[in-house]
Every structure is written in structure tokens, then in C-alpha cells.
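Using my numbering, read the sequence shown as starting at 2 and increasing by one per residue.
Cβ coordinates follow ideal geometry from the N, Cα and C atoms, glycine included.
Below is one structure, written out as C-alpha cells, with a few remarks after it.
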Amino acid sequence: KGLLERMVAHEDSAAFLTPLKPEEHGASVEEYEKRVKQPIDLGTIAKKLDVTPESGGGYKSVSSFSKDVNRIFTNVMKVWEPGQDIADAGRRL
2 KGLLERMVAH EDSAAFLTPL KPEEHGASVE EYEKRVKQPI DLGTIAKKLD VTPESGGGYK
62 SVSSFSKDVN RIFTNVMKVW EPGQDIADAG RRL
């Protein structure tokens with residue numbers, strides 16, 4: 002949870018706190034949905050951390066949490082290239 006808190010507090014986190022709106026970053030919704038099959042954001046990850054696996058949700062392992070965090074950035078790199086603001090923010094975060 003500490004890692005997530007540091008990421009949320011990071012100056013480059015704003016675009017990743019809620020589901021990404023591709024049109025705000027120069028990509029069409031259609032292009033984004035074509036390339037990104039499993040969208041995820043820091044807010045969704047935070048909600049999953051607050052739910053216990055015993056109640057039918059949440060993360061069962063550190064590995065599944067890590068995969069979701071990494072998925073944020075791999076999704077960004079599927080749509081945007083280095084040099085574009087959103088891609089650079091993702092790299093810094």
C-alpha cells in the first residue's frame with residue numbers, strides 16, 4: 002500500500018488516478034480500445050487493495066498487484082510514444 006501511496010502522490014500521477022481518457026491525450030477512444038484490452042488505473046488498484054480476497058475480490062498476491070501496476074504503463078506505451086506527454090509521465094512515474 003505504501004508504494005501505491007507514493008505513486009498517487011507523485012507529480013506525474015494525475016492522468017493515472019482514474020480511467021484514462023485517451024482523447025485528452027491525443028488518441029481516439031477507438032484507437033485506445035483497439036490496443037488496450039485490460040485498462041487499469043491507480044484508483045481501481047486502490048479499490049482492489051481495500052477489498053480482501055476472502056470476500057471475493059482484491060489481490061491474492063503481491064504478484065497480481067505488481068502486474069496491475071505494470072499494466073498501467075504497458076497500456077500507455079501501446080498507444081503513445083516517448084516524447085508525448087502521457088508516455089513521458091508514465092515513464093517518470
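Tell me the DSSP secondary structure of residue i in three-state form.
| i | result |
| --- | --- |
| residue 69 | helix |
| residue 91 | helix |
| residue 6 | helix |
| residue 86 | helix |
Taking the alpha carbon of residue i as the reference point, which residue from the options has its own alpha carbon closest?
| i | options | result |
| --- | --- | --- |
| residue 45 | 31, 20, 55 and 64 | 20 |
| residue 57 | 64, 49 and 63 | 49 |
| residue 76 | 32, 59, 64 and 54 | 32 |
| residue 40 | 93, 68, 13 and 94 | 68 |
| residue 79 | 38, 94 and 63 | 38 |
| residue 73 | 11, 6 and 16 | 16 |
For residue i, which residues from the same chain have a beta carbon less than 6 Å from its beta carbon, with the 5 sequence-adjacent residues on both sides left out?
| i | result |
| --- | --- |
| residue 4 | none |
| residue 26 | 87 |
| residue 61 | 54 |
Below 8 Å between beta carbons: does that hold for residue i and residue j?
| i | j | result |
| --- | --- | --- |
| residue 51 | residue 18 | no |
| residue 23 | residue 14 | no |
For residue i, which residues of its own chain have a beta-carbon under 8 Å away from its beta-carbon, when the five flanking residues on both sides are left out?
| i | result |
| --- | --- |
| residue 59 | 49, 50, 51, 52 and 53 |
*At what residue ranges does the region 16-82 contain a whole run of the alpha helix (DSSP H), taking only runs of 4 or more?*
Counting only runs of 4+ residues, the alpha helix (DSSP H) found wholly inside the region 16-82 occupies 30-36, 43-50 and 63-80, in chain order.
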